Each structure stands twice: as C-alpha cells, then as structure tokens.
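Trainee: One structure coming up, written as structure tokens, with questions to follow.
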Amino acid sequence: MKSQLGPTSNRFVSQRLRLNYVDWGNPDAPPLILQHGGRDHCRSWDWVAEELRHDWHVICPDLRGHGDSEWSPEGHYGMDAFVYDFAQLVHTLGKEQVTIIAHSLGGNIATRYTGLYPERVARFVNIEGLGPPPAMRREQEAQGAGPRLRQWIEDKRKAAGRNVRNYPTLRDAYQRMKEENSFLTDEQARHLTIHGASRNEDGTWSWKFDNYLNVWSASDLPTDQVTALWEAITCPMLLLWGKNSFASSPSGDGRLAHFPSARLIEYDDAGHWLHHDQFDRFMNDVRAFLA
Numbered sequence: 001m002k003s004q005l006g007p008t009s010n011r012f013v014s015q016r017l018r019l020n021y022v023d024w025g026n027p028d029a030p031p032l033i034l035q036h037g038g039r040d041h042c043r044s045w046d047w048v049a050e051e052l053r054h055d056w057h058v059i060c061p062d063l064r065g066h067g068d069s070e071w072s073p074e075g076h077y078g079m080d081a082f083v084y085d086f087a088q089l090v091h092t093l094g095k096e097q098v099t100i101i102a103h104s105l106g107g108n109i110a111t112r113y114t115g116l117y118p119e120r121v122a123r124f125v126n127i128e129g130l131g132p133p134p135a136m137r138r139e140q141e142a143q144g145a146g147p148r149l150r151q152w153i154e155d156k157r158k159a160a161g162r163n164v165r166n167y168p169t170l171r172d173a174y175q176r177m178k179e180e181n182s183f184l185t186d187e188q189a190r191h192l193t194i195h196g197a198s199r200n201e202d203g204t205w206s207w208k209f210d211n212y213l214n215v216w217s218a219s220d221l222p223t224d225q226v227t228a229l230w231e232a233i234t235c236p237m238l239l240l241w242g243k244n245s246f247a248s249s250p251s252g253d254g255r256l257a258h259f260p261s262a263r264l265i266e267y268d269d270a271g272h273w274l275h276h277d278q279f280d281r282f283m284n285d286v287r288a289f290l291a
C-alpha cells in the first residue's frame, strides 16, 4: 500500500538566496529531480512524485522567485542565475549523477545544465522546455542590443509599478487557475491553487511568484551557443509536446536535429501542461523511458 505521507521541505543556498525544495524520501534510491516551469511551484509534481517515489529519491525544487523560494532582491531572473541555481542544487545534494524531468522554463534550464555537465545526467525528460525556436531568437538578436535593453528597462519599470493581483478568497484564485488551463480537473486545480497561493495581511490571496518574472532578461547566450549546449548532451533524452500547446513543436522548427540522442512524442488532447492533461499516458511513457 502506498504511503499517504507528503514530502519534507528543505532549503539550500544559491547566490545568497535561500531556495526551497521538497524531498519525497527514499534516499538510497537513484536521485530524480523534478523541475517545474515558470510561475509554477514544486508541489505541481505531487501526482508524479507519488507514482515514482518508491523507485526513486524524488527531489522537487522551487525556482528562485517561485513557490517557497526567496525572491531575487534585484529581480534578477536571467538564465545564468537559474542555471547556476540548478547546478548548486545538484552540488548541494552531493550526487554524482541525477535523472531529470523538467517542464517549460525548468526544461530550458535543465537542458542547458545537461549540456554543460553531460556526465552528471543519466536520463532527461524534457516537457516543452526549449524556449523560443532559433528563428525567433535570431530575429530578436537582429534588433541589436540597444533596442532590446531599452525595452527591457521600460518593462522592468512597468513591473515595478504593477500591483500584485489580490483575490478576495482562495476560491477566486482557484477559478483563475481553472481559466488558465481548461484541461485541469477540479481536484488538480484545487491542489495547484492551495500550494501556489499565499494569504496577505488583509486576508486576500495572491500567487507566490514574483512579478518581475514576467520580464525576460535582455542578455542571454547567443543562439548558436545555446544550440551548441543542446548538441553537447549525451544522455538518453525524451522530448514531450502537447499538440494543443501554444509552444511550437521541435519536430517542425528544426530543433530536433540538435538532439541526436532524443526521441519526441507528441500528445493529442494536451496543452502546455501535458503531464497534468494526459497524466496516465505521461506516466506510462516516463516509466518506459526511465526503465
């Protein structure tokens, strides 16, 4: 019979920030890191962790500015910071090698880490986590540094003046969660809301993530250097994409060619959060790949 106990919450320090992760126990098993995406939180993996905790030592971190991790004081959420945080987590855990399942922004981070340290990753499941297609990135780069930086400064100022949205009740936040992803069941939306919102002093509720996360960094590695990191990955890799997602599939934009060890599976009736939308199929595919 499966244990009904939940995970324990822990902290590690990265660039002076105290970052949160939850540990599902079973420390003698192989380590498996589940990394969430943007404006999400570590407890969105609970259903996956419950299924895998008996065969793996499951670790689920909160990215900086997300969940129960601290916010960056200067609002720094560039890819360099995220990749360092991920590397620091693996270093803190003291594991020679890890297996990774990562979604969206988390997949983008973990992909770069895996290209930087290919010997440290045994297997990697990437759920819609490659960022914009290279053609879109090159178009942005062609604008030049000046326009990009000016736009970034303007967007940061707007974020600084933006009021956090407050919900009168937790049910109102839950309704917003349902609107964001129509594939979610009521039980999924309730769980994600409970762990993704916190109560304010006046009794209202707000999402835990930092507003500054809505502003992407103006400085990143050039596209050719990013794709070089992709090509440096040596471990078996599984790419998962939802056919109803807003994110374009690597099967049609040329990105799949940069991953010689990868296999792509596309999901019918699934959006960007396909691990929620088609949970049973997702678990079957993941178990087969990890085995």
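Mind the numbering: the sequence shown is residues 1 to 291 in the UniProt record's numbering, read in order. Backbone N, C-alpha and C define an ideal beta-carbon position, used for all residues, glycine too. As the structure is a computational prediction, the values presented were derived from the model and not from experiment.
Okay, do the stretch 182 to 199 and the stretch 99 to 112 touch, 3+ Cβ pairs below 8 Å being the bar?
Mentor: The stretch 182 to 199 is not in contact with the stretch 99 to 112.
Trainee: Just to confirm the assignment, what range does the alpha helix (DSSP H) spanning I153 have?
Mentor: Counting along the chain, the alpha helix (DSSP H) containing I153 begins and ends at 145 to 161.
Trainee: From which residue to which residue does the alpha helix (DSSP H) around I233 run?
Mentor: Neither: I233 is in no alpha helix (DSSP H) and is coded neither H nor E.
Trainee: In the structure shown, what three-state DSSP assignment does D253 receive?
Mentor: D253: coil per DSSP, three-state reduction.
Trainee: Taking the beta strand (DSSP E) that A288 belongs to, which residues open and close that run?
Mentor: That residue, A288, is in no beta strand (DSSP E); its alpha helix (DSSP H) goes 279 to 290.
Trainee: Might you give, ordered along the chain, the residues of its own chain that have their beta carbon closer than 8 Å to the beta carbon of S248, omitting 5 neighbours on each side?
Mentor: Answer for S248: P133, listed in chain order.
Trainee: At what residues does the beta strand (DSSP E) containing R11 begin and finish?
Mentor: It spans 8 to 14 - the beta strand (DSSP E) in which R11 sits, taken as one unbroken run.
Trainee: Where does the unbroken beta strand (DSSP E) through T111 begin, and where does it stop?
Mentor: Here T111 belongs to no beta strand (DSSP E); instead the alpha helix (DSSP H) covers 105 to 116.
Trainee: In angstroms, rounded to a whole number, what distance separates the CA positions of I265 and F12?
Mentor: Their backbone Cα atoms lie some 34 Å apart in a straight line.
Trainee: Quick check on L149: buried or exposed, where buried means 16 or more other Cβ atoms within 10 Å of its Cβ?
Mentor: Exposed, by the Cβ-count rule.
Trainee: Check each candidate in W207, N181, E187, A135 and name the one with the smallest Cα separation from P168.
Mentor: The shortest C-alpha separation from P168 is found at W207.
Trainee: Which residues in the same chain as D220 place their Cβ atom closer than 6 Å to its Cβ, once the five residues preceding and following it in sequence are excluded?
Mentor: If we look at D220 and ignore the five residues flanking it on each side, its Cβ neighbours are M79.
Trainee: Reducing DSSP to helix, strand and coil, say where R215 ends up.
Mentor: Note on residue identity: the sequence assigns Val, not Arg, to residue 215. Reduced to three states, the DSSP call for V215 is coil.
Trainee: By a C-beta neighbour count over all protein chains shown, 10 Å radius and 16 as the cutoff for buried, is V164 buried or exposed?
Mentor: With fewer than 16 other Cβ atoms within 10 Å, it is exposed.
Trainee: Are the stretch 14 to 26 and the stretch 50 to 68 touching by the rule of at least three beta carbon pairs closer than 8 Å?
Mentor: Contact holds: three or more Cβ-Cβ distances are below 8 Å.
Trainee: Please give the ranges of any alpha helix (DSSP H) in the stretch 43 to 75, keeping only runs that are unbroken, at least 4 residues long and fully inside the region.
Mentor: 46 to 52, all fully within the stretch 43 to 75.
Trainee: Report yes or no: do three or more beta-carbon pairs, one from the stretch 92 to 103 and one from the stretch 213 to 230, lie closer than 8 Å?
Mentor: Verdict: no, contact absent.
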